[in-house]
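Chemist:
2 protein chains.
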Amino acid sequence: MRATYLFGPGDVRVIDAPEPRIEQPTDAVLRTLVACVCGSDLHPYHSAQPSEHGRAMGHEMVGVVEEIGAEVTTVAPGDVVIVPFVFSCGVCDFCREGLQTSCRVAGLTVPTGAGGAQAQYRRIPFADGTLYRVDVAVDDERMPGLLTLSDVYGTGHHAAVTGGAAPGKDVVVVGDGAVGLLAVLSARRLGAERIILMGRHEARTDLGRRYGATDVVAARGDAGVEAVRDLTGGDGAHVVIDAVGHLPAFEQALGVVRAGGTVARVGVPQYSDGPIGREQFGRNVTITGGVAPVRAYIDDLLPGVLDGTVDPGAVFDRELPLDDAATGYRLMDDRAALKVMLRP
Amino acid sequence: MRATYLFGPGDVRVIDAPEPRIEQPTDAVLRTLVACVCGSDLHPYHSAQPSEHGRAMGHEMVGVVEEIGAEVTTVAPGDVVIVPFVFSCGVCDFCREGLQTSCRVAGLTVPTGAGGAQAQYRRIPFADGTLYRVDVAVDDERMPGLLTLSDVYGTGHHAAVTGGAAPGKDVVVVGDGAVGLLAVLSARRLGAERIILMGRHEARTDLGRRYGATDVVAARGDAGVEAVRDLTGGDGAHVVIDAVGHLPAFEQALGVVRAGGTVARVGVPQYSDGPIGREQFGRNVTITGGVAPVRAYIDDLLPGVLDGTVDPGAVFDRELPLDDAATGYRLMDDRAALKVMLRP
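Residue numbers (this note's numbering), protein chains in the order written: chain A, 2 to 345; chain B, 2 to 345.
#1: Chain B beta carbons: is any one of them nearer than 8 angstroms to that of LEU339(A)?
#2: Does the beta-carbon distance from ASP33(A) to PRO345(A) come in below 8 angstroms?
#3: Take the Cβ of GLU98(B) as the centre, count every other Cβ of all protein chains shown within 10 Å, and call the residue buried at 16 or more, exposed below.
#4: Rounded to whole angstroms, what's the CA-CA distance from CYS37(B) to GLU61(B)? Just pull it up for me.
#5: Does the ligand GDP have a heavy atom nearer than 7 angstroms to the CB of PHE88(A)?
#6: So, at 7 angstroms on beta carbons, what are the nonlocal neighbours of ARG336(A) in its own chain, with the 5 sequence-adjacent residues on each side left out?
#7: Rounded to whole angstroms, how far is the Cβ of ILE351(A) from the Cβ of ILE242(B), which I believe are closer than 8 angstroms?
#8: Short of 8 angstroms Cβ to Cβ, which residues in the segment 240-257 of chain A face chain B?
#9: Could you name the residues of chain A that PHE317(B) contacts, counting a contact when the two beta carbons are closer than 7 angstroms?
#10: Among GLY91(B), GLY146(B), ASP140(B), whose alpha-carbon lies nearest the alpha-carbon of THR27(B)?
#11: Go through its chain and collect everything with a Cβ distance to ALA184(B)'s Cβ below 6 angstroms, but skip five positions before and after it.
#12: Can you tell me whether DSSP reads THR27(B) as helix, strand or coil?
#13: Can you list, in chain order, the residues of its chain with a C-beta nearer than 8 angstroms to that of GLU194(A)? Leave out the 5 residues immediately preceding and following it.
#14: For HIS47(B), which of helix, strand or coil comes out of DSSP?
#15: Counting only Cβ pairs nearer than 7 angstroms, list the residues of chain A close to ALA260(B).
#16: I want to verify the contact list: residues of chain B whose CB lies under 7 angstroms from the CB of PHE282(A), in sequence order.
#17: Suppose you measure from the CA of VAL263(A) to the CA of SER273(B); what does that come to, to the nearest Å?
#18: Less than 8 angstroms between the beta carbons of ALA29(A) and GLY70(A), yes or no?
#19: Does the beta-carbon distance from ASP334(A) to LEU43(A) come in below 8 angstroms?
#20: Expressed to the nearest angstrom, what Euclidean distance is found between the alpha-carbon atoms of ILE125(A) and GLN101(A)?
#21: Start and end of the alpha helix (DSSP H) containing VAL226(B)?
#22: Measure the Cβ-Cβ separation of GLU53(A) and LEU31(A) and say whether it is below 8 angstroms.
#23: Against chain B, with Cβ distances strictly below 8 angstroms, would ARG190(A) count as a contact?
#24: Counting only runs of 4+ residues fully inside the segment 255-323 of chain A, write out the alpha helix (DSSP H) ranges in chain order.
#25: Excluding sequence positions up to five away, which residues of its chain have a Cβ less than 7 angstroms from the Cβ of ALA315(B)?
#26: Let me know the secondary structure DSSP gives PHE251(B) once reduced to three states.
#27: I want to see whether chain B comes within less than 8 angstroms of PRO276(A), judged by CB atoms only; does it?
#28: Taking the C-alpha atoms as reference points, what is the distance between VAL1(A) and GLY155(B)?
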């Protein structure tokens, strides 16, 4: 089969790889319908150690079940399934609590020995706990929206939920990537009326406005903080979402949060230590968020995707055949594409 | 009048100072009934710049109203009042939301130009918004309990509330000072059944057990983390309260928090940056707490103090006349006293 591997910085290749097979009785093997490139894929794209064997890439996909292990009971060959970016057993206490990212059995398997999602086929461990069956055809036109439930929409929703977005709460979203834009959509969906999007890429911030952003602030750093404070009567916002992950973005988030407010992080931190001293303590700032247990959110988010109430799939502004995955990475790295969908 | 001043490291003196007078129509002047030394007073006690004029000390007190300004309407001469350690106007949006520590008008006035609480008299700005009238006599025997509502009990309660202590939630309290012990009491009061107190001073941890601690861990650092993890099936606790404020205590708190759990800080951070990178992100750890808006909690906490359901006043293990304040500081600094009450 064809599969995408990263061999070193900037070195993405789609190569021939062995087709996956059932290895455990709880596995399923899927044929990929749609996959995509994630903003977080760009971190190894920049910094991966060169490697002869490469690293299988991709963690977002919708697929169709080809084969199941002897113990799999909830999906069957032919089913269309959403694949959350973290595998989960579905049975342990963390899974039952909705924190599948801390599953005791499957753990945080990104990247994974199960192969990447940017490939024609993929083995999924713990198929019963991981996969979410959707009653659609393999060529359903809502496939882009369904694909966002694999990661980006659930991640934006996680930020809005943990941050406490709600009616009457001002929200700031730092970052105009796909997660940031879907955090805007999620905050609006949860009832926030005032949503300020911090980003400078106009095509993206335009989509942000369509998703519910009431204001866009292009300035960054101190100027950005000042602009948001001006928009919020000097106070900052109750809910601030960091959808970037770099330290300056987090500092910006802290700069625009209201006393007693919350900063929810969903951009993977590219730092170890950060400012959480007396300034944050004196203002009773809460820092929350984390890697999103998207599996927990599909029940809630799927109906809107199916009935068209929301259009998270609009974050995909480019579609490429799987064999052009390297182009997809380059387009996203150059910010020439917001998010690239791949079809095998 | 007699008043306590700090002139430099370890240099506490009770001196003659001018009696305060009404300066603003919203002021009240109180005669101090009881005051005390706070763990946070020990930070300047260690590190204050030597100064000729000194710094008025103390921010916890119960007093009796001597005189009020022309615009004060909610208290009258002769009333016994609890003085929250932060003054607040009572009218602005932050005060109405219960975040009086971010009051737009009075601000965080510790230490304050209004004079310290470790004195015979004290001027209180924004008397209507700040003071809490209690219907007791000036010699009421519950005075120690009432005094804790000025800071330490409300601060321990803030930790338990923001941390999410509740039935079914395991709680760890790092620190066996008065705030830590009252965080234990508060967590128990909010329904937590399993409460692990990390502290090594046996008289204190014994009081912690009386307040509801089910386990005491004397070990610190990695050994302490391991001991708590052993007690919690390897996972750590849902709610962890940092009642210390030094970086090792915060690191210990992060080490014993369960994935998806919360660290609530009420010890004033003695650090600027702390570990909030991928480890905390991957485990969805929330960091919350801050300087406690104790004024907001008195309605809720006072009845239990008055009817004896709880005994927060037991944290005062020494009582001294005001003139012996320097001895009180030394006893607390040597950990020979848990918390020293001063009576003018």
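The beta carbon of each residue, even a glycine, is placed where N, CA and C say it ideally should be.
Modeler: Quick answer:
#1: No, LEU339(A) lies away from the interface with chain B (no Cβ there is under 8 angstroms from its Cβ).
#2: Asp is not the amino acid found at residue 33(A); the sequence shown has Thr there. In this structure, PRO345(A) lies closer than 8 angstroms to THR33(A) by Cβ.
#3: It is exposed - the Cβ of GLU98(B) has fewer than 16 other Cβ atoms within 10 Å.
#4: Roughly 6 angstroms between the two C-alpha positions.
#5: As far as ligands go, the structure on display features none, and thus does not contain the ligand GDP.
#6: Here the set comprises HIS202.
#7: Summary: the structure shown does not reach residue 351(A), with chain A confined to residues 2 through 345, and so no result is reported for it.
#8: Residues are counted here when their Cβ sits less than 8 angstroms from a Cβ of chain B; for the segment 240-257 of chain A the count is zero.
#9: The premise fails here: PHE317(B) is roughly 26 angstroms from chain A at the closest Cβ pair, so nothing lies under 7 angstroms.
#10: If you compare the alpha carbons of GLY91(B), GLY146(B), ASP140(B) with that of THR27(B), the shortest gap goes to GLY91(B).
#11: The residues are GLY157, ALA160, ALA161, VAL174, ILE242, ALA244.
#12: Three-state DSSP puts THR27(B) in coil, outside helix and strand.
#13: Answer for GLU194(A): PRO168, GLY169, THR215, listed in chain order.
#14: Helix, per DSSP.
#15: Correct list: PHE95, LEU100, SER103.
#16: Residues of chain B with a Cβ closer than 7 angstroms to the Cβ of PHE282(A) are, in chain order, ARG266, VAL269, PRO270, GLY291, VAL292.
#17: Just to set this straight, residue 263(A) is Thr in the shown sequence, not Val. Straight-line Cα distance between these residues: approximately 18 angstroms.
#18: In this structure, GLY70(A) lies closer than 8 angstroms to ALA29(A) by Cβ.
#19: Using a Cβ distance threshold of 8 angstroms, ASP334(A) and LEU43(A) count as a contacting pair.
#20: Approximately 15 angstroms, taken between the alpha carbons.
#21: VAL226(B) -> alpha helix (DSSP H) spans 222-232.
#22: By the CB criterion at 8 angstroms, GLU53(A) and LEU31(A) fall outside the cutoff.
#23: So no, ARG190(A) is outside the interface.
#24: Taken in chain order, the complete alpha helix (DSSP H) segments of 4 or more residues contained in the segment 255-323 of chain A are 279-283, 299-308.
#25: Non-local C-beta neighbours of ALA315(B) in its own chain, meaning closer than 7 angstroms and more than five positions away in sequence, comprise LEU208, ordered along the chain.
#26: Assigned with DSSP and collapsed to three states, PHE251(B) falls in helix.
#27: Nearest CB-CB separation between PRO276(A) and chain B: below the 8 angstroms threshold.
#28: Since the displayed chain A opens at 2 and closes at 345, residue 1(A) lies outside it and no answer follows.
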